[in-house]
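Okay, structure first, notes after.
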Amino acid sequence: MLKEINFIGLLLFLFLNACVEKTNSIRIFEENLPKPKILRGEKFNFTEFVNPIGISMSGKYGVVWEDKSVSDDKFHIIDISTMEYLQSKGIDGLGPGEITTSYLEPSEEENKVWNYDIEARVYSKFDLLDSNKLAEFQIKSPPTTYFLTRTTWAENNTLIGSTADGWTKYLHVTLEGDTLNLLGSWKDMLEEREFPNGIKTDELKPNAISYLFQGPIKGNINNNIYVKVGMVVDYIDIIDLSTKTIKTINGPRQDIQDFSISYNMGYQIPVFPSESTERYIDLYVGEDSFFVLFFGKPYAQISDLENLNRVFEFDFDGKILKQYQLDFPLNGFTVDEAGRYIYGVTVDREPNLVRFEY
């Protein structure tokens, strides 16, 4: 239940949490990227997969999740030390323990994962080692001051995510909906940018800006670092919850793609032409660095063998460390830092799991 906060207390809270260091901006350019290291992938043939679209890691287990169109067996568990298929979990539905869509992240608890059902707005915890296909625990997405579009788990079972209906960029909340931190402003994303078609920055509403800069967010609870990437604009936000600071990396493309503004029920909606390109489509946050999956072409060409995905590795100061050129088209990936492997889900005629040694 949403807590009532008196007006004076709310103003004091907003003031204290607004004292966040101004976003630092870093620019990278294509010509300044490190020479790419070519990675040759080893593709596996797990016949249990139907239409896999994403992968995450929890300890020595890889969890591969399916597209919404797959009814039951929503995700699969692989022992990556032996590359042995263990079992599937996830029953389709809205009943207790059931899920309709799958998006998985590791839990703070060993051998457990969280699934976020974007349609039901429910978080479900699964035990990877028991035989129950249903979730062992479920909780509704908490009521919040601002609407959260993308979230990831933070320390002590809290959530951090990007907002859609206010100037505040990131919201850090408890599972009860209590606000812990307000971070950044969407107005920061407008600085030193030119918009196409004569669009003026002072004409854009917060919901349009958050839509324009949409993309996944993931983190690492061990170091309290969280990273969000742009799917249509080349940018990366590095959020340090310990210091409440944000570093933004812009590039390699510096301009904003062509788009126009339409209106739906009074809300501004950016509309992109079919030739628009997807930019950063997935990420992994490690102990000392993070990895981002760069696409750089229209989604309709996602399976094309020309101009295949690249992975960039950055440190938490925003310095690019490595560039990896892959030889399989990927829809999602994760990293085994101890074993120095990148695991990905291919997007081709026969999608499956692929492993790259880096």
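Residue numbers (my numbering): 132 to 489.
Virtual Cβ for every residue (Gly too), placed ideally from N, Cα, C.
**Asked** Which residue's Cα is closest to the Cα of K349: L372, G226, P327 and Y430?
**Response** L372
**Item:** Beta carbon of I211 nearer than 7 Å to that of V194
**Value:** no
**Message:** Is there a Cβ of chain D sitting closer than 7 Å to that of T465, yes or no?
**Reply:** Chain labels in this structure do not include chain D; a single protein chain is all it has.
**Asked** Can you give the Cα-Cα distance for L401 and P274, rounded to whole angstroms?
**Response** Leu is not the amino acid found at residue 401; the sequence shown has Pro there. Near 26 Å, if we compare the C-alpha coordinates of P274 and P401.
**Item:** Residues that F206 bridges to, as DSSP identifies them
**Value:** W196 and K220
**Asked** Does the Cβ of I120 have 16 or more other Cβ atoms within 10 Å, making it buried, or fewer, making it exposed?
**Response** Any answer about residue 120 is impossible in this case: the structure gives the chain only from 132 up to 489.
**Prompt:** Where F445 and D365 are concerned, what is the direct C-alpha to C-alpha distance, given to the nearest angstrom?
**Reply:** Roughly 15 Å separates the two Cα atoms.
**Asked** Quick one: complete beta strand (DSSP E) runs, 3+ long, within the stretch 291-319?
**Response** 299-304 and 310-316
**Candidates F390, Y394 and G417: closest to S405 by CA position** = Per the Cα distances, F390.
**Prompt:** Per DSSP, L414 is paired with what?
**Reply:** Answer is V423, bridged to L414.
**Asked** Among E173, P165, A339 and N163, which residue has its Cα nearest to the Cα of L100?
**Response** Nothing about residue 100 can be read from this structure; the chain reaches only from 132 to 489.
**Span of the beta strand (DSSP E) around S341** = Run containing S341: none in the beta strand (DSSP E); it sits in the alpha helix (DSSP H), P337 to L343.
**Message:** DSSP three-state label for N351, please.
**Reply:** strand
**Item:** Whole-angstrom distance between K220 and N312, CA atom to CA atom
**Value:** 34 Å
**Request:** Taking the CB atoms as reference points, tell me whether I370 and I380 lie closer together than 7 Å.
**Result:** no
**Request:** On the DSSP bridge assignment, give the partners of E179 in chain order.
**Result:** According to DSSP, which records beta bridges pairwise, E179 is partnered with nothing at all.
**Prompt:** Can you tell me where the beta strand (DSSP E) with P327 in it begins and where it stops?
**Reply:** Per DSSP, P327 belongs to no beta strand (DSSP E) and is neither H nor E.
**Asked** Taking DSSP as the reference, what is the three-state secondary structure of E161?
**Response** helix
**Message:** By alpha-carbon positions, which one of D198, F268 and N182 ends up nearest to N483?
**Reply:** With distances taken between Cα atoms, N483 lies closest to N182.
**Message:** Could you check whether the stretch 342-360 touches the stretch 292-307, counting it as contact only if at least three pairs of C-beta atoms, one from each stretch, sit closer than 8 Å?
**Reply:** yes
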